[in-house]
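In our numbering, the protein residues as written are 520 to 875. Even for Gly, the Cβ is constructed at its ideal location relative to N, Cα and C.
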């Protein structure tokens, strides 16, 4: 549970007043990579001995998976029957992104729960967007949903999320002014602090291109592809046939264009499966489940720099998640909702982009 140890070290740096971005922990020499606000939230992890903290993270993530299953059912319009939820949790534990989240002691499930809960609330709900802003303050990737809210006409929720995110930045600056300046002017641009972009664990568009082109730095090719993917993804999401589809496209767009999206970041597979089941697309849901259960990325050679020397026929099993996300996103505009079979889309449809 190496990531849990990093979180604890971040909390200790805040509590002890040491350099937040100057340490490394574990045999892999992992540094802090989250904004200062996240490090402040990690202070309580220092109150427990490491063995007890690991138990808390395992149990907490298992409970968060159960919560995510319930939120996903509500999001997709599926019934929340207790036996079905328990069965889904039992299967969900073996989805590779979920399993890796528990294995590393990550916080992905907590962030997805925050985002999904907030986006599923009524448009007139008090403080809608606040939880989304907090999630973006912990880990910047969810900020793509703020842009989605604004371009789909949900300005109040979008501005609330922006204000919430700004509040996390301000709190970080007040408590850790030096670390905040360091992070937002320098560390945020240091992708190599997070890890090597070409390793098999990185299931982002950049990781896919690095392995396919056999280069540790795809450079301009990735930049061009990322911009095109971001614009196309937000455009597809804005015109999605349902709000649920739109949210999923935005989630996958963020994962694709992020320089590094570790395989455990793809826990959005849980709400994806819920939406596919709600639409009655059993074959597609089964295919998606197989992709996330199969762990094909770990079956290809990846010791040392073998990730960069994979033959063409190993590229697909090496990058299953970005290829699946690209396929589903491109299919969205032509894949009509399964009328009469879906129990629901998302609780609150997006405004019609063609309506003034």
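Could you check where the alpha helix (DSSP H) with residue 749 kicks off and where it finishes? Taking the first residue of the chain shown as position 1, residue 749 is located at position 230. Looking at the DSSP string, the run of the alpha helix (DSSP H) that includes residue 749 is 738 to 757.
Quiz item: Going by the beta-carbon positions, is the gap between residue 826 and residue 730 smaller than 7 Å?
Solution: Numbered from 1 along the chain shown, position 307 holds the residue referred to as residue 826. Numbered from 1 along the chain shown, position 211 holds the residue referred to as residue 730. It is a contact, given that the beta carbons lie within the stated cut-off.
Straight-line CA distance for residue 676 to residue 640? Counted from its first residue, the chain shown places residue 676 at position 157. Counted from its first residue, the chain shown places residue 640 at position 121. Distance from the CA of residue 676 to the CA of residue 640, rounded to the nearest whole angstrom, comes to 11 Å.
- Message: Taking the beta carbon of residue 743 as the centre, do at least 16 other beta carbons fall within 10 Å, making it buried, or is it exposed?
- Response: By one-based count along the chain shown, residue 743 stands at place 224. Its Cβ having fewer than 16 others within 10 Å, residue 743 is exposed.
| message | Which of the three DSSP states is assigned to residue 544 in this structure? | response | For this step, residue 544 is matched to residue 25 along the chain shown. It is a strand residue.
- Task: Quick one: residues in its chain with C-beta nearer than 8 Å to the C-beta of residue 694, no 5 flanking neighbours on either side, listed in chain order?
- Result: The residue you call residue 694 lines up with position 175 of the chain shown. Same-chain partners within the cutoff: 533, 555, 559.
Check: Does the Cβ of residue 720 have 16 or more other Cβ atoms within 10 Å, making it buried, or fewer, making it exposed?
Finding: Walking along the chain shown from the start, residue 720 turns up at place 201. When all chains shown are included, residue 720 counts as buried.
>> Nearest by alpha-carbon distance to residue 711: which of 770, 779, 690, 669 is it?
In response: Counting from 1 along the chain shown, the entry for residue 711 is found at position 192. Nearest of 770, 779, 690, 669 to residue 711, Cα basis: 779.
* For residue 526, three-class secondary structure by DSSP -> For the purposes of this step, residue 526 is identified with residue 7 of the chain shown, where counting begins at 1. Helix.
Separation of residue 572 from residue 562, as counted between CA atoms:
For this step, residue 562 is matched to residue 43 along the chain shown. For this step, residue 572 is matched to residue 53 along the chain shown. One C-alpha to the other measures close to 12 Å.
Determine the extent of the alpha helix (DSSP H) in which residue 930 is found, giving its start and end residues.
Residue 930 cannot be examined here, being either before or after the span of the chain that is shown, 520 to 875.
Quiz item: Hey, would you say residue 545 sits closer than 7 Å to residue 521, going by beta carbons?
Solution: Against the chain shown, residue 545 aligns to sequence position 26. Against the chain shown, residue 521 aligns to sequence position 2. Yes, the pair counts as a contact, with Cβ atoms nearer than the cut-off.
### Task
Return the Cβ separation of residue 794 and residue 606 in integer angstroms, given the expectation that the two are a contact with Cβ distance under 8 Å.
Here residue 794 corresponds to residue number 275 of the chain shown, with the count starting at 1. Here residue 606 corresponds to residue number 87 of the chain shown, with the count starting at 1. Not really, about 18 Å apart at Cβ, beyond 8 Å.
Q) Just checking, does the stretch 640 to 652 make contact with the stretch 609 to 624 on the three C-beta pairs under 8 Å criterion? A) no
Within 10 angstroms of the Cβ of residue 526, are there 16 or more other Cβ atoms? Answer buried if so, exposed if not. Residue 526 sits at position 7 when you count from the first residue of the chain shown. Burial call: buried.
If you compare alpha carbons, which of 631, 696, 680 is closest to residue 539?
Counted from its first residue, the chain shown places residue 539 at position 20. Nearest C-alpha to residue 539: 696.
Helix, strand or coil for residue 500? Go by DSSP, reduced to three states.
Residue 500 lies beyond the stretch modelled for the chain, which goes from 520 to 875, so this question has no answer here.
Beta-bridge partners of residue 580, as assigned by DSSP
If you number the chain shown from 1, residue 580 lands on position 61. Note: residue 580 sits in no beta bridge, so no partner.
- Task: Please state whether DSSP places residue 659 in a helix, a strand or coil.
- Result: Reading the chain shown from its first residue, position 140 is the one you call residue 659. Here residue 659 sits in coil by DSSP.
Looking at the secondary structure, which residues open and close the alpha helix (DSSP H) in which residue 810 lies? Against the chain shown, residue 810 aligns to sequence position 291. Its alpha helix (DSSP H) spans residues 801 to 813.
Of the residues 725, 646, 847, 797, which one's Cα is nearest the Cα of residue 776? Along the chain shown, read from residue 1 onward, the residue named residue 776 stands at position 257. Ranking 725, 646, 847, 797 by CA distance to the CA of residue 776 puts 725 first.
Notebook entry, point to check: From what residue to what residue does the alpha helix (DSSP H) around residue 627 run?
Noted result: Position 108 of the chain shown, counted from the start, is the residue given in the question as residue 627. It spans 627 to 639 - the alpha helix (DSSP H) in which residue 627 sits, taken as one unbroken run.
### Cβ separation of residue 774 and residue 723, assumed to be a contact under 8 Å, to the nearest whole Å
Counting from 1 along the chain shown, the entry for residue 774 is found at position 255. Counting from 1 along the chain shown, the entry for residue 723 is found at position 204. Sure, about 7 Å apart at Cβ, within 8 Å.
**Message:** Please identify the residue among 853, 787, 792, 821 whose C-alpha is closest to the C-alpha of residue 628.
**Reply:** Translated into the one-based positions of the chain shown, residue 628 becomes position 109. Checked all of 853, 787, 792, 821; the closest Cα to residue 628 is 787.
Residue 767 (DSSP reduced to helix, strand or coil) = Here residue 767 corresponds to residue number 248 of the chain shown, with the count starting at 1. Three-state result, residue 767: helix.
| field | 7 Å CB neighbourhood of residue 565 in its chain, flanking five on each side removed | value | As a first step, residue 565 is located in the chain shown; it is residue number 46 there, counting from the start. Cβ within range, chain order: 527, 530, 531, 534.
DSSP-derived helix/strand/coil call for residue 795: On the chain shown, residue 795 is found 276 positions in, with the first residue counted as 1. Correct three-state label for residue 795: helix.
Checklist line | Cβ shell of residue 834 (< 7 Å), same chain only, five flanking positions each side left out | finding: In the chain shown, counting from the first residue as 1, residue 834 sits at position 315. For residue 834, where only same-chain residues beyond five positions count, the Cβ hits under 7 Å are 730, 731.
Practice problem: Mark residue 510 as exposed unless 16 or more other C-beta atoms lie within 10 angstroms of its C-beta, in which case mark it buried. | Solution: The chain is shown from 520 up to 875; residue 510 falls before or after that span and cannot be answered.
Per DSSP, cross-strand counterpart(s) of residue 721:
Position 202 of the chain shown holds residue 721. In DSSP, residue 721 forms a bridge with 781.
> Secondary structure at residue 549, three-state DSSP: helix, strand or coil?
Replying inline: If you number the chain shown from 1, residue 549 lands on position 30. In the three-state reduction of the DSSP assignment, residue 549 falls in the strand class, which pools E and B.
Point to revise | Coarse secondary structure for residue 873, derived from DSSP in three states | key: Numbered from its first residue, the chain shown carries residue 873 at position 354. Because the pLDDT at residue 873 is just 46, under 50, the model does not fix this residue reliably, and the value given afterwards should be weighed accordingly. Coil at residue 873, not helix or strand.
Can you tell which of 664, 692, 750 has its C-alpha closest to the C-alpha of residue 681? Taking the chain shown and counting its residues from 1, one reaches residue 681 at position 162. Out of 664, 692, 750, 664 has the C-alpha closest to the C-alpha of residue 681.
Next item on the list: Alpha carbon to alpha carbon, how far is residue 604 from residue 736? Give it in angstroms, no decimals.
Entry: As a working mapping, residue 736 is identified with position 217 in the chain shown. As a working mapping, residue 604 is identified with position 85 in the chain shown. For residue 736 and residue 604, the distance between alpha carbons rounds to 43 Å.
Go ahead and label residue 876 buried or exposed: buried means 16 or more other beta carbons lie within 10 angstroms of its beta carbon, across all protein chains shown. In the structure as shown, the chain starts at 520 and stops at 875, and residue 876 therefore has no counterpart that could be examined.
Can you list, in chain order, the residues of its chain whose CB lies under 6 Å from that of residue 866, leaving out five sequence neighbours each side? On the chain shown, position 347 is the one that residue 866 refers to. Confidence at residue 866 is low in this model, with a pLDDT of 45, below 50, so the placement of that residue is unreliable and no value is reported for it.
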